[in-house]
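**Student:** The structure under discussion is supplied below as structure tokens; questions concerning it will follow.
There are 2 protein chains.
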Amino acid sequence: MNDAASLVPFFNPAGVVILGATQNPTKLGFVLTRNLAQCGYRGAVHFVNPGGGQYRDHPFHRRVADVPDPVDLAMLLIPAPAVPQALTECGQRGIRAVIIASGGFRETGPAGAELEETCLTIAQKYQMRLIGPNCIGLLDTHLPLDTTFLPPPGPTPGDVAFISHSGAICAAVTDWARGQGFGLSRLISLGNQADVCETDMLAPVAADSDTRVITLYLEGVRDGRRFVAEAAQAARQKPLIVLKVGRSESGRRAVASHTGALAGQESALEAAFRRAGVLRADTSEALFDWARALAWCAPPAGRGVAVLTNAGGPGITAADALEGYGLYLADLQPATQQALVAMLPPAASTRNPVDMLASATPQDYADALHLLLADPGVHSVLVIVPPPLMSAAGGVARALIPLIHTGGKPVVVALMGERMIQEAVEHFRSERIPEYRFPERAASALAVLVQRAEFLAREETRPGPVTGVDPAGAQAILNELQLQPGEFLPQKGVQGLLAAYGIATPPAALARTAAEAVALAQGMGFPVALKIAAPDVVHKSDVGGLLLNLTSPEAVSLGFAMLLDRVQAARPGATIWGATVQKMIPAGQEVIVGCVQDPQFGPVLMFGSGGVEVEGLQDVAFALAPPTADEVDYLLAQTWAGRKLAGYRSLPPADEAAVRQVLVRLGQLAADFPALAEIEINPLRVLPAGAGAVALDVRARLRS
Amino acid sequence: MNDAASLVPFFNPAGVVILGATQNPTKLGFVLTRNLAQCGYRGAVHFVNPGGGQYRDHPFHRRVADVPDPVDLAMLLIPAPAVPQALTECGQRGIRAVIIASGGFRETGPAGAELEETCLTIAQKYQMRLIGPNCIGLLDTHLPLDTTFLPPPGPTPGDVAFISHSGAICAAVTDWARGQGFGLSRLISLGNQADVCETDMLAPVAADSDTRVITLYLEGVRDGRRFVAEAAQAARQKPLIVLKVGRSESGRRAVASHTGALAGQESALEAAFRRAGVLRADTSEALFDWARALAWCAPPAGRGVAVLTNAGGPGITAADALEGYGLYLADLQPATQQALVAMLPPAASTRNPVDMLASATPQDYADALHLLLADPGVHSVLVIVPPPLMSAAGGVARALIPLIHTGGKPVVVALMGERMIQEAVEHFRSERIPEYRFPERAASALAVLVQRAEFLAREETRPGPVTGVDPAGAQAILNELQLQPGEFLPQKGVQGLLAAYGIATPPAALARTAAEAVALAQGMGFPVALKIAAPDVVHKSDVGGLLLNLTSPEAVSLGFAMLLDRVQAARPGATIWGATVQKMIPAGQEVIVGCVQDPQFGPVLMFGSGGVEVEGLQDVAFALAPPTADEVDYLLAQTWAGRKLAGYRSLPPADEAAVRQVLVRLGQLAADFPALAEIEINPLRVLPAGAGAVALDVRARLRS
């Protein structure tokens with residue numbers, strides 16, 4: 001069920017009922033009861049407890065059937081075994097949305113998982129949507145509505161939404177937000193996600209007019225491609241910041257290609273987040289540092305930053321951090337510099353970072369900021385305020401705030417210290433100006449503002465249609481091969497697939513005998529290469545199964561015998577079909593292009609430096625397949641293999657356009673044939689500009 | 001002057017005098033006066049103001065000559081032009097140590113720099129040591145003594161020393177430390193360092209019994225090798241954490257080698273810090289996060305960490321961060337797991353991270369921590385405490401503290417939240433147990449404890465003596481060449497230098513004519529290579545100046561003509577000496593080994609993947625030259641070029657021992673001849689194990 005309308009009762013119910021209400025203050029149900037009764041919700045609230053009772057002026061009903069209209073959202077905090085019956089009663093009562101807070105389901109093992117399935121079946125029978133089980137609940141500070149059992153005080157109303165796979169983190173998040181001086185709009189704890197998952201929540205939260213930034217704490221993604229589609233839509237409306245935990249690779253899966261060995265869960269996730277425009281926070285701290293900046297600041301028009309300080313050292317620290325994030329110190333215009341020279345003492349630095357020296361007054365801060373905001377090369381400003389020696393940081397804050405509000409450019413503040421700058425902290429917070437204790441964190445906030453601005457400035461690109469591909473032809477080849485799951489495709493089959501998708505391979509054919517090899521070589525013209533054809537030999541060169549540059553019939557004949565000898569010696573008993581005779585291709589650059597099917601995100605494309613040392617050099621990058629034009633740019637820019645296509649010293653330029661074509665075409669092939677678990681071209685020989693690129697060696701394997 | 005005894009009056013003066021004392025509370029001198037008068041210093045304090053006056057019961061003397069005994073330390077906060085005369089009077093009065101707080105010196109330009117020189121000359125005349133000018137002063141919380149004009153309240157007494165090139169940061173540091181719940185032992189602001197510099201302060205602070213950790217804020221290092229020597233000694237006694245600002249490369253210097261292009265100021269600094277055992281903090285925040293952990297925790301016995309939590313998500317976050325730092329989650333012993341199973345609910349996770357679920361009580365935390373501390377595979381523990389739903393975090397803190405004190409293994413705590421966990425924060429701080437707001441920061445603290453433990457466990461290694469080198473012979477070669485500054489060494493000269501240091505080069509000689517080339521080739525045996533010999537052609541292959549694998553006299557003769565043709569066409573007018581004839585060397589792996597003279601740290605060695613793509617692949621690492629055995633290990637482990645020497649797939653193992661020899665020998669050569677600005681072997685052909693390594697191409701240039 002993905003019907004957006006079915007989610008409405010979670011966010012704007014006509015009436016809410018709690019099953020598991022209690023007047024016993026030592027129970028979690030009591031916190032739930034009190035939070036709902038006192039949250040200021042303007043709709044109907046009801047409470048159910050089979051034993052009766054009441055909370056303040058709310059009498060408890062004994063059964064959900066007794067609850068009067070209106071009621072369309074139920075929150076259950078009752079023992080797990082009692083949940084199915086309660087759900088049925090909710091369905092019969094006409095309730096349309098249920099939050100199951102109770103634990104004791106999938107997280108406890110197979111019996112719990114079965115119970116959870118039962119609940120889902122009941123919900124579907126009555127067309128009810130479910131959040132949970134095993135969650136904290138849902139909270140909207142603006143409606144307002146609180147169906148959580150979070151300990152008081154609940155979050156301050158604000159404009160940052162938080163969607164979480166972890167319930168336990170919600171109390172900490174509420175408290176962090178309060179400590180950092182910002183509020184939450186909605187808090188949604190998803191628990192086991194029997195029905196509603198993280199992806200379902202993106203559209204409704206992005207549509208919420210009280211939310212300016214969406215933050216997510218994710219432990220995984222249920223349906224990768226659907227998440228990408230929904231997140232991309234949401235990210236166009238509101239910044240989406242994700243803290244994804246569980247980076248460590250599960251790894252250990254059987255792989256037969258370099259791409260498979262390198263394309264872990266993390267690479268696929270990074271590629272997915274990049275396509276969707278998701279901002280990925282590295283740490284919990286960054287998640288909230290960024291949220292404030294994104295909620296409160298307009299996107300800067302560029303990467304040029306001015307640093308304003310009264311102390312040299314922290315100014316350099318900020319500059320280091322900014323440059324580390326790819327931002328740069330703006331070159332100030334001569335007029336700006338002259339005005340700064342006129343107002344500041346001779347020993348001050350009027351270049352960027354602008355160091356006014358320790359004697360700077362609040363008025364100096366304001367005058368200098370005014371000049372910097374007016375400089376067209378300055379797109380944002382980082383102001384540094386250590387505890388002033390002879391005045392109070394509060395005065396600096398008061399002098400700066402009006403300018404920041406009218407300056408039209410984002411300004412973030414590093415208020416260095418802790419207790420001595422508290423007054424300034426409070427001033428800036430109440431005016432929604434992001435402040436940080438350390439210059440590096442302020443720099444990170446500016447960097448994320450720039451990242452967001454650049455995302456919004458880029459047009460949304462989707463993978464374009466690929467012309468000159470023949471999926472039906474490729475399908476026919478696959479059908480004809482009649483392969484078993486997990487099997488490798490024979491060389492001829494792989495070449496056929498590439499040909500159907502417009503990727504060139506060298507003339508090649510299988511020879512079962514030396515005589516056949518000689519005849520084939522004479523047919524294609526010398527020089528040729530011989531490669532062992534043995535389905536179980538993954539890395540041919542490891543066993544000496546490759547001979548290059550054979551220039552005569554004799555060399556081919558001898559070479560054929562030698563190849564078989566070597567491989568039989570290295571892998572006794574291996575099936576050997578013979579040897580592939582292949583025309584030698586002119587010299588050029590060599591790269592690797594591969595695709596694997598990620599269980600979560602589908603086909604993922606890898607590009608980089610090829611050869612046998614792929615895993616050693618690790619000069620590779622990843623994108624979802626088929627790639628957009630932006631993603632192709634990224635793959636080339638991110639790798640040395642891609643950058644050197646333009647030529648480097650004695651290395652002549654190579655056909656970059658042909659590489660772009662291969663990336664798109666191989667990506668499309670993998671997307672069209674999910675049955676291909678891995679397909680890898682290594683190397684792709686890239687000829688001089690205009691001369692194309694040829695897949696010298698290709699391996700492909702079906703899913704097991 | 002580096003005499004340690006001369007620094008004693010700074011840290012333990014018999015009497016202190018302030019020049020520039022004032023009773024005017026709007027002046028900085030008032031803060032200075034008040035701080036000294038009220039700091040509790042038990043020695044004599046005196047104040048000088050030409051206009052007289054007094055502060056409380058301290059009358060101001062009109063001249064320093066009037067100050068009675070004892071007095072050996074003076075603090076000057078008077079206008080810069082008046083400083084020389086005051087210094088002279090201090091010298092005449094017998095004062096041995098002076099802090100000049102006043103600004104208006106080198107930081108203001110050439111006139112100020114001259115004034116600073118004058119001050120230094122006066123100080124030297126009277127054998128006085130100087131701190132400053134342009135600094136905040138010096139403070140010892142235990143003596144106690146405060147000669148700073150830091151705004152009150154000053155730092156809490158504690159065990160972290162702070163030495164700073166920035167005065168402005170000192171107030172912030174004092175405030176950060178207070179906010180983070182730790183105290184300072186000494187605070188030293190060095191200002192312009194006319195005399196005393198950061199390196200001078202290391203030994204006296206390391207010897208201070210009240211200091212457990214030394215933190216430094218550095219903007220540069222005055223004498224690189226002396227810093228390394230002093231820091232290495234200090235680091236054996238106390239952890240040394242440095243925040244070095246100004247990462248951005250000055251760059252832009254003329255370089256003629258790959259090593260020169262890649263070995264920036266940062267690489268040299270990293271190499272120096274590695275040798276000295278300095279812990280380098282990436283951010284200001286990390287500096288203090290680490291200081292607390294290092295001051296309060298014993299070094300762990302290994303990298304195995306147990307994570308104890310009542311919430312799954314933050315446990316995974318911590319695990320991610322720990323693994324990112326190279327630590328690992330300890331495998332718990334079966335007995336530990338069984339005991340955890342017995343005490344925890346069925347849905348809890350008794351594997352590491354141990355997730356006790358939200359219902360965990362303070363007693364559960366204590367019982368579980370007890371089990372984890374007793375597990376021999378666990379070397380340290382990270383405990384995560386979100387705001388508990390039904391109890392207070394303070395209770396958890398009280399339950400854990402006795403165990404942590406007696407457990408014998410470091411424990412750090414992530415108290416997630418801000419206000420709701422304040423009581424627990426206070427408990428842990430008062431018991432000197434490091435706590436952090438975010439699991440990632442707690443993980444970073446454990447990582448630095450491990451780093452410190454591993455440093456202490458490693459024996460101190462110094463570069464060993466290198467046998468079989470002939471510095472006198474090398475010197476004779478250099479003398480004979482009669483080169484100008486900045487000039488490149490001719491091929492024969494470079495080969496002579498390498499030969500003198502036991503590094504093999506292929507038989508090679510310069511041919512000025514084709515006939516000479518043929519004769520030389522016949523002498524050494526075919527195949528041979530021809531390389532253009534032209535002093536101004538830096539990258540031979542860029543201009544086609546290289547021919548390989550010439551197998552006959554005819555090929556050599558033709559090749560010689562072709563080479564000259566090509567290079568003349570590519571570089572008209574370039575000086576061409578002829579061509580070098582070189583015997584071809586068997587196939588093998590190829591690496592680059594280079595050395596440059598860093599202006600700060602002397603010779604720096606680079607190792608990595610060679611060829612023409614060095615800057616593109618960036619598979620290189622750096623060490624001070626000559627390297628210690630540890631540093632050679634590091635260079636090989638850090639690069640793919642080093643790791644693959646052991647063999648990789650079809651790539652046979654190569655002579656790693658020979659590479660180690662070349663690293664040591666080239667490093668020694670560079671150290672023995674500082675006149676060599678750059679010397680680079682690219683490639684070094686590494687033959688199969690036991691067969692050695694041969695420097696195929698070498699370039700060296702004298703300093704300009």
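If you read the protein sequences in the order shown, they are chains A and B. Numbered by the numbering used here, the letters in the first sequence go through residues 1 to 704 in order. Numbered by the numbering used here, the letters in the second sequence go through residues 1 to 704 in order. Note that beta-carbon positions come from the ideal geometry of N, C-alpha and C, so glycine has one too.
Assign ASN134 of chain B to buried or exposed, taking buried as 16 or more other Cβ atoms, counted over all protein chains shown, within 10 Å of its Cβ.
**Tutor:** ASN134 of chain B should be labelled buried.
**Student:** Could you give the distance in angstroms between the alpha-carbon of ASP331 of chain A and the alpha-carbon of GLY377 of chain A?
**Tutor:** So the two alpha carbons sit approximately 7 angstroms from each other.
**Student:** Once DSSP output is grouped into helix, strand and coil, what is the label at ASP223 of chain B?
**Tutor:** Three-state result, ASP223 of chain B: coil.
**Student:** Okay, do the segment 97–115 of chain B and the segment 170–181 of chain B touch, 3+ Cβ pairs below 8 angstroms being the bar?
**Tutor:** Judged by Cβ distances under 8 angstroms, the segment 97–115 of chain B makes no contact with the segment 170–181 of chain B, as fewer than three pairs qualify.
**Student:** Out of B:ILE18, B:VAL448, B:ALA21, B:CYS39, state which residue places its alpha-carbon closest to the alpha-carbon of ASP282 of chain B.
**Tutor:** Ranking B:ILE18, B:VAL448, B:ALA21, B:CYS39 by Cα distance to ASP282 of chain B puts B:VAL448 first.
**Student:** With 16 as the cutoff for other CB atoms within 10 Å, does THR22 of chain B come out buried or exposed?
**Tutor:** Counting Cβ neighbours within 10 Å, THR22 of chain B comes out buried, since at least 16 surround it.
**Student:** How about GLY464 of chain A and ALA629 of chain A: do their beta carbons lie closer than 9 angstroms?
**Tutor:** Yes, they are a contact pair.
**Student:** Would you say ASP210 of chain A and ARG178 of chain A are within 9 angstroms of each other, going by their C-beta atoms?
**Tutor:** No, the Cβ-Cβ distance between ASP210 of chain A and ARG178 of chain A is not below 9 angstroms.
**Student:** Please confirm whether ALA515 of chain B has its beta-carbon closer than 9 angstroms to some beta-carbon of chain A.
**Tutor:** Not one chain A Cβ lies under 9 angstroms of ALA515 of chain B.
**Student:** Take ILE404 of chain B as the anchor and find which of B:LEU389, B:GLU435, B:ARG419 has the nearest alpha-carbon.
**Tutor:** When only C-alpha atoms are compared, the closest one is B:GLU435.
**Student:** Just the chain A side, please: which residues come within less than 7 angstroms of THR317 of chain B by C-beta, in chain order?
**Tutor:** Within 7 angstroms Cβ-Cβ: VAL245, SER284.
**Student:** Between which two residues does the alpha helix (DSSP H) containing ALA570 of chain A stretch?
**Tutor:** Start and end: 553–570.
**Student:** Please list the segments of the alpha helix (DSSP H) lying wholly inside the segment 96–151 of chain B, counting only runs of 4 or more residues, in order along the chain.
**Tutor:** Fully enclosed alpha helix (DSSP H) runs of 4 or longer: 110–125.
**Student:** Show which residues of chain A have a CB atom less than 7 angstroms away from the CB atom of GLU266 of chain B.
**Tutor:** The premise fails here: GLU266 of chain B is roughly 10 angstroms from chain A at the closest Cβ pair, so nothing lies under 7 angstroms.
**Student:** Give me, in chain order, the residues of the same chain whose beta-carbon lies closer than 6 angstroms to that of GLN180 of chain B; leave out the 5 immediate sequence neighbours on both sides.
**Tutor:** The residues are PHE288.
**Student:** Where do the ends of the beta strand (DSSP E) carrying LEU550 of chain A lie?
**Tutor:** Element bounds for LEU550 of chain A: 546–550.
**Student:** GLU198 of chain A CB to nearest chain B CB: under 9 angstroms?
**Tutor:** So, not an interface residue.
**Student:** Tell me whether ASP208 of chain A sits in a helix, a strand or coil according to DSSP, three-state version.
**Tutor:** It is coil, neither helix nor strand.
**Student:** Please list the residues of the segment 486–502 of chain B that have a C-beta atom closer than 9 angstroms to any C-beta atom in chain A, keeping them in chain order.
**Tutor:** The residues in question: there are none.
**Student:** Using the beta-carbon of each residue, which ones in chain A are nearer than 8 angstroms to VAL612 of chain B?
**Tutor:** Chain A residues near VAL612 of chain B: TYR648, ARG649, SER650, LEU651.
**Student:** Could you confirm whether any beta carbon from chain A is found closer than 9 angstroms to the beta carbon of PRO439 of chain B?
**Tutor:** It does; some Cβ of chain A falls within 9 angstroms.
**Student:** Check whether the Cβ atoms of PRO410 of chain A and PRO300 of chain A sit closer than 9 angstroms, and answer yes or no.
**Tutor:** Yes. Within cutoff.
**Student:** At the 9 angstroms Cβ level, is GLU656 of chain A part of the contact set with chain B, yes or no?
**Tutor:** So, not an interface residue.
**Student:** So, helix, strand or coil for ALA392 of chain A, using DSSP?
**Tutor:** It is coil, neither helix nor strand.
**Student:** Measuring alpha carbon to alpha carbon, tell me which of B:VAL567, B:THR513, B:CYS595, B:VAL620 ends up nearest VAL581 of chain B.
**Tutor:** Residue B:THR513 is the option with its Cα nearest to VAL581 of chain B.
**Student:** Helix, strand or coil: how does DSSP classify CYS711 of chain A here?
**Tutor:** Given a span of 1 to 704 for chain A in the structure shown, any question on residue 711 of chain A remains unanswerable.
**Student:** Which of the three DSSP states is assigned to GLY304 of chain B in this structure?
**Tutor:** Looking at GLY304 of chain B - three-state DSSP - the assignment turns out to be strand.
**Student:** Should VAL596 of chain B and GLY260 of chain B be called a contact, given that it needs their Cβ atoms to be closer than 9 angstroms?
**Tutor:** For VAL596 of chain B and GLY260 of chain B, yes; Cβs fall inside 9 angstroms.
**Student:** Using a Cβ-Cβ cut-off of less than 8 angstroms, list which residues of the segment 131–161 of chain B approach chain A; keep chain order.
**Tutor:** Those would be PHE149, LEU150, PRO151, in chain order.
**Student:** Look at ILE681 of chain A and ILE503 of chain A and say whether their C-beta atoms are less than 9 angstroms apart.
**Tutor:** Going by C-beta atoms, ILE681 of chain A is nearer than 9 angstroms to ILE503 of chain A.
**Student:** Under 8 angstroms by Cβ, that's how I've got LEU669 of chain A and LEU497 of chain A pegged, so tell me the actual separation to the nearest angstrom.
**Tutor:** Indeed, because the Cβ distance is near 6 angstroms, the residues count as touching under 8 angstroms.
**Student:** Have a look at GLN333 of chain B and GLN638 of chain B and give me their C-alpha separation to the nearest angstrom.
**Tutor:** So the two alpha carbons sit approximately 33 angstroms from each other.
**Student:** List the whole-angstrom C-beta distance separating GLY493 of chain A from LEU481 of chain A, where the pair is believed to meet the contact cut-off of C-beta under 8 angstroms.
**Tutor:** That belief holds up - the Cβ atoms of GLY493 of chain A and LEU481 of chain A are roughly 5 angstroms apart, short of 8 angstroms.
**Student:** Should GLU631 of chain B go down as buried or exposed, given a rule of 16 or more other Cβ atoms within 10 Å for buried?
**Tutor:** Buried is the call here.
**Student:** Give the residues of chain A in contact with TYR217 of chain B, contact being defined as C-beta atoms less than 7 angstroms apart.
**Tutor:** Simply GLY313.
**Student:** Would you mind telling me which residues of chain A sit closer than 7 angstroms to ILE169 of chain B, beta carbon to beta carbon, in chain order?
**Tutor:** The contacting residues are ALA311, GLY313, PRO314, PRO386.
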